[in-house]
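Peer 1:
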Amino acid sequence: MSTTIKTQVCIIGAGPSGLLLAQLLANSGIDTVVLDRKDRAYIEGRIRAGVLEQGTVTALEEAGAAERLHREGLTHDGFELAFDGIRHRIDIAALTGKTVTVYGQTEVTKDLFDKRYAEGQVFYFNVEDVKPTNLKSDQPAVHFTKDGENIVVECDYVAGCDGFHGVSRRAIPADVLKTYERIYPFGWLGILVEKPPVSHELIYANHERGFALASMRSDTRSRYYIQCGVNDDLANWSDDRFWEEFALRLGPDAAANLQTGPSFEKSIAPLRSFVAEPMRYGNLFLAGDAAHIVPPTGAKGLNLAASDIRILSRALVEHYKNNNDHYMDTYSATALARVWKGERFSWQLSALMHQFPDHSPFERKMQRAEFDYIMGSEAASRSIAENYVGLPLE
Ligand code: APR
Ligand code: PHB
Numbered sequence: 009m010s011t012t013i014k015t016q017v018c019i020i021g022a023g024p025s026g027l028l029l030a031q032l033l034a035n036s037g038i039d040t041v042v043l044d045r046k047d048r049a050y051i052e053g054r055i056r057a058g059v060l061e062q063g064t065v066t067a068l069e070e071a072g073a074a075e076r077l078h079r080e081g082l083t084h085d086g087f088e089l090a091f092d093g094i095r096h097r098i099d100i101a102a103l104t105g106k107t108v109t110v111y112g113q114t115e116v117t118k119d120l121f122d123k124r125y126a127e128g129q130v131f132y133f134n135v136e137d138v139k140p141t142n143l144k145s146d147q148p149a150v151h152f153t154k155d156g157e158n159i160v161v162e163c164d165y166v167a168g169c170d171g172f173h174g175v176s177r178r179a180i181p182a183d184v185l186k187t188y189e190r191i192y193p194f195g196w197l198g199i200l201v202e203k204p205p206v207s208h209e210l211i212y213a214n215h216e217r218g219f220a221l222a223s224m225r226s227d228t229r230s231r232y233y234i235q236c237g238v239n240d241d242l243a244n245w246s247d248d249r250f251w252e253e254f255a256l257r258l259g260p261d262a263a264a265n266l267q268t269g270p271s272f273e274k275s276i277a278p279l280r281s282f283v284a285e286p287m288r289y290g291n292l293f294l295a296g297d298a299a300h301i302v303p304p305t306g307a308k309g310l311n312l313a314a315s316d317i318r319i320l321s322r323a324l325v326e327h328y329k330n331n332n333d334h335y336m337d338t339y340s341a342t343a344l345a346r347v348w349k350g351e352r353f354s355w356q357l358s359a360l361m362h363q364f365p366d367h368s369p370f371e372r373k374m375q376r377a378e379f380d381y382i383m384g385s386e387a388a389s390r391s392i393a394e395n396y397v398g399l400p401l402e
C-alpha cells in the first residue's frame with residue numbers, strides 16, 4: 009500500500025536548517041512537508057554550539073521565533089583568546105560595531121518547533137528509507153516508509169537539510185559532486201555544568217597541554233571543552249580529571265574564578281572541515297550540515313546553516329511570488345562563497361588554538377608569533393572580530 013502527498017517543497021531533515029526553512033516559506037504562504045528519521049525529543053536533545061551572529065538572529069526574527077531569544081539570550085561585546093595563560097580580549101563591539109548572542113542551538117530548535125506546531129506544519133518523524141527521486145525532472149518526489157507504510161511526497165523542489173549523514177547529498181551523482189575534507193587529529197570533550205561561567209565572556213585558550221574553551225548557556229549554566237584524543241574514551245574522563253585539566257589549560261588567572269561541580273552532560277566530538285559542491289542538483293537544494301561541516305572553533309556551524317537558509321528561502325519566495333528564478337540559479341554559488349569564508353575562519357582559528365600531534369617546536373613558535381601579532385595589532389584583532397560576528401550574506 010502506498011500513500012501519495014503533494015506539496016510545494018519537501019524538506020528532508022527537521023534540524024535547525026529544515027525548521028527555519030519551513031518557517032520562512034510558511035511566512036510567504038509556501039506549502040512544505042518536513043520529514044526526519046528521528047523524533048522531536050531526540051532532535052531537541054542534541055547539544056551543540058550556542059553563539060549566534062546578528063544575521064542568524066535576524067533570520068530568527070524574520071521567522072517570528074526570536075521572542076525567547078531576546079528575553080533569555082546573552083549579548084556579548086567581546087571574547088578572549090589566551091595563550092599559555094596570557095589573555096587578549098577581542099572587543100567585537102568596538103572593532104565591528106556588532107555583537108553576538110549566546111543562546112543554545114537546542115533552544116533555537118525548540119522555538120522553531122513550537123512555532124511550526126502552532127501553525128500546523130505537516131511533519132513525518134521516525135521515517136525510514138528516505139529516497140529523493142526524479143531530481144532532474146520538474147516532478148521530483150521523495151519516497152519513504154513510516155510504520156511499514158510506503159509514502160511518496162510529490163513536490164516542486166526538495167530541500168536537503170538532513171545533515172552530514174543524510175541521504176540528500178548522496179543523491180547527487182558522483183561525477184557531479186565534488187567534496188573537500190579535512191579531519192583533525194583530535195576531538196573536543198565537552199561538559200555541561202549547573203554553575204555560573206568562569207568569565208562573563210567566552211575564553212578560547214591554547215596551552216601546551218592542548219586547547220580549552222570556556223563557554224556558557226546562561227548566567228548559571230556553563231559549557232566547557234578541552235581538546236582530547238580522537239579515540240579517547242569518556243570512561244577515562246572523570247569530572248575530577250576534567251576540572252584539573254581544564255583549570256590548568258585556562259591558566260591560573262582565569263581559573264581563579266572557576267566553580268566546579270558535577271557535570272550533567274559529557275561527550276566527545278570529532279573535528280572536521282567538509283564542503284560539498286555544488287549545493288544544487290536539478291530541483292534538489294542542499295543546506296546546512298548536509299553540504300558543509302566546520303570544526304566548532306568559532307561556532308560557525310549553525311550560523312552557516314542559517315545563512316544558507318536565508319539565501320534559499322529568498323530564492324524560493326522569488327520563484328513562487330515573482331516568477332523570478334535568478335536567485336534559484338545563483339543559490340549554489342552565493343551560498344558557497346560565504347561557506348568557504350566560514351570554513352577558512354574556522355580552520356584558521358582551529359590551527360591557531362590547538363596542539364597538533366605532528367607539530368614541531370617551529371610550528372608552536374609560529375602559533376605564538378601569530379598570537380603576539382594579534383595582541384599587538386588592531387587590524388589583526390579586527391579581522392578576527394569581523395569573522396566572529398559574521399560576514400555579510402553575500
Ligand atoms: N532522512 C530524514 N532525516 C534525516 C536523514 C534521513 N535519511 N538523515 C538525517 N536526518 C535528519 C537528522 O535526524 C537531523 O534531525 O536531518 C536532521 C539534520 O539536522 P542537523 O544535523 O542539526 O543539521 P542542520 O539542520 O543543517 O543544522 C546545522 O547543526 O551540526 C550542527 O553545527 C551544526 O549547528 C549546525 C547545525
Ligand atoms: C558552545 O557554547 O558550545 C560553543 C561556543 C563557542 C564555540 C564552540 C562551542 O566556538
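In case it helps, the numbering used here puts the sequence shown at residues 9 to 402. Glycine included, every Cβ here is placed at the ideal spot set by N, Cα and C. Fair warning: this is a prediction, and the values are worked out from it, not measured in the lab.
On the DSSP bridge assignment, give the partners of Glu-75 in chain order.
Peer 2: BP columns for Glu-75 are empty, so no partner.
Peer 1: Please say whether Leu-120 and Ala-73 have beta carbons closer to each other than 7 Å?
Peer 2: Closer than 7 Å, so yes.
Peer 1: Straight-line CA distance for Ser-226 to Leu-60?
Peer 2: For Ser-226 and Leu-60, the distance between alpha carbons rounds to 14 Å.
Peer 1: I need the boundaries of the beta strand (DSSP E) containing Trp-196, first residue and last residue.
Peer 2: Unbroken beta strand (DSSP E) run through Trp-196: 186-201.
Peer 1: Measure from the alpha carbon of Gly-25 to the alpha carbon of each residue in Arg-45, Asp-261, Ala-167, Asp-248, then state which is nearest.
Peer 2: Gly is not the amino acid found at residue 25; the sequence shown has Ser there. The shortest C-alpha separation from Ser-25 is found at Ala-167.
Peer 1: Please specify which runs of the beta strand (DSSP E), each continuous and at least 3 residues long, are wholly inside the segment 127-152, giving them in chain order.
Peer 2: With a minimum length of 3 residues, the continuous beta strand (DSSP E) runs that stay inside the segment 127-152 are 130-132, 136-141.
Peer 1: Report whether the distance from the Cβ of Ala-284 to the nearest heavy atom of the ligand APR is below 6 Å.
Peer 2: It does not: the Cβ of Ala-284 is nowhere closer than 6 Å to a heavy atom of the ligand APR.
Peer 1: Excluding five sequence neighbours on each side, which residues of the same chain lie with their C-beta closer than 8 Å to the C-beta of Leu-77?
Peer 2: Within the same chain, Leu-77 has close Cβ partners Leu-60, Val-65, Leu-68, Thr-109, Tyr-111, Glu-115, Val-116, Asp-119.
Peer 1: By the three-class DSSP mapping on this structure, what secondary structure does Ile-38 have?
Peer 2: Three-state result, Ile-38: coil.
Peer 1: Go through its chain and collect everything with a Cβ distance to Ser-275's Cβ below 8 Å, but skip five positions before and after it.
Peer 2: Counting only Cβ-Cβ distances below 8 Å, and skipping sequence neighbours, we find Ile-55, Leu-197, Gly-198, Leu-242.
Peer 1: In the structure shown, what three-state DSSP assignment does Lys-154 receive?
Peer 2: Lys-154 falls in the strand class under three-state DSSP.
Peer 1: What residue range does the beta strand (DSSP E) around Phe-87 cover?
Peer 2: Looking at the DSSP string, the run of the beta strand (DSSP E) that includes Phe-87 is 87-91.
Peer 1: Which value, in whole angstroms, describes the spacing of the CA atoms of Asn-291 and Ala-345?
Peer 2: Roughly 20 Å separates the two Cα atoms.
Peer 1: Taking Ala-307 as part of the beta strand (DSSP E), name the residues at either end of that continuous run.
Peer 2: Per DSSP, Ala-307 belongs to no beta strand (DSSP E) and is neither H nor E.
Peer 1: Per DSSP, Phe-219 forms a beta bridge with which residues?
Peer 2: DSSP, once it has assigned bridges, lists Asn-214 as partnering Phe-219.
Peer 1: State the Cα-Cα distance for the pair Leu-401 and Lys-139, rounded to the nearest angstrom.
Peer 2: Leu-401 and Lys-139: Cα-Cα distance of roughly 31 Å.
Peer 1: For a test of your reading of the model: does the CB of Arg-231 fall under 6 Å from any non-hydrogen atom of the ligand PHB? Yes or no.
Peer 2: Yes, Cβ of Arg-231 sits closer than 6 Å to a heavy atom of the ligand PHB.
Peer 1: Tell me which residue opens and which closes the alpha helix (DSSP H) that Gln-375 is part of.
Peer 2: Unbroken alpha helix (DSSP H) run through Gln-375: 369-384.
Peer 1: Taking C-beta to C-beta, are Gly-21 and Asp-39 nearer than 7 Å?
Peer 2: The answer is no: Cβ separation not under 7 Å.
Peer 1: Where does the unbroken alpha helix (DSSP H) through Lys-349 begin, and where does it stop?
Peer 2: Start and end: 334-361.
Peer 1: Verify whether the separation of the beta carbon atoms of Ile-319 and Cys-169 is less than 7 Å.
Peer 2: No, the pair does not count as a contact, with Cβ atoms beyond the cut-off.
Peer 1: Restricting to Cα atoms, I'd like to know which of Val-283, Leu-210, Tyr-328 is closest to Gly-86.
Peer 2: Here the closest residue by C-alpha is Leu-210.
Peer 1: With 16 as the cutoff for other CB atoms within 10 Å, does Gly-384 come out buried or exposed?
Peer 2: It is exposed - the Cβ of Gly-384 has fewer than 16 other Cβ atoms within 10 Å.
Peer 1: What first and last residue would you give for the beta strand (DSSP E) that runs through Arg-95?
Peer 2: Taken as a continuous stretch (DSSP letters only), the beta strand (DSSP E) holding Arg-95 covers 94-98.
Peer 1: In its own chain, which residues sit with a C-beta less than 6 Å from the C-beta of Ala-2, not counting the 5 before and 5 after it?
Peer 2: An answer regarding residue 2 cannot be provided, because it is not within the stretch 9 to 402 covered by the chain.
Peer 1: Cα-Cα, which of Glu-189, Ile-94, His-84 is closest to Gly-105?
Peer 2: The option with the nearest alpha carbon to Gly-105 is His-84.
Peer 1: Look at Gly-269 and Val-201 and say whether their C-beta atoms are less than 7 Å apart.
Peer 2: Yes, they are a contact pair.
Peer 1: What residues in its chain sit with their C-beta under 6 Å from that of Gly-53, if we drop five residues either side in the sequence?
Peer 2: If we look at Gly-53 and ignore the five residues flanking it on each side, it has no Cβ neighbours.
Peer 1: Terminal residues of the continuous alpha helix (DSSP H) containing Gly-53?
Peer 2: 48-53 is the extent of the alpha helix (DSSP H) around Gly-53.
Peer 1: Beta carbon of Ile-100, beta carbon of Val-397: below 7 Å?
Peer 2: Yes, they are a contact pair.
Peer 1: Give a yes or no on contact between the segment 301-318 and the segment 349-366, applying the rule of three or more CB pairs nearer than 8 Å.
Peer 2: At 8 Å Cβ cutoff, the stretches touch.
Peer 1: Taking Cβ positions, are Tyr-339 and Glu-326 nearer each other than 7 Å?
Peer 2: No, the Cβ-Cβ distance between Tyr-339 and Glu-326 is not below 7 Å.
Peer 1: Quick check on the DSSP output: the alpha helix (DSSP H) that includes Arg-178 runs from which residue to which?
Peer 2: It is not in any alpha helix (DSSP H) - Arg-178 carries neither H nor E in the DSSP assignment.
Peer 1: Could you tell me which uninterrupted beta strand (DSSP E) segments, each at least 3 residues in length, are contained entirely in the segment 235-291, listed from first to last along the chain?
Peer 2: You should have 271-285.
Peer 1: Return the residue from the list Leu-279, Asn-265, Arg-190, Lys-203 that minimises the CA-CA distance to Ile-234.
Peer 2: It is Leu-279 whose Cα lies nearest to the Cα of Ile-234.
Peer 1: State the Cα-Cα distance for the pair Glu-285 and Leu-324, rounded to the nearest angstrom.
Peer 2: Distance between the alpha carbons of Glu-285 and Leu-324: 20 Å.
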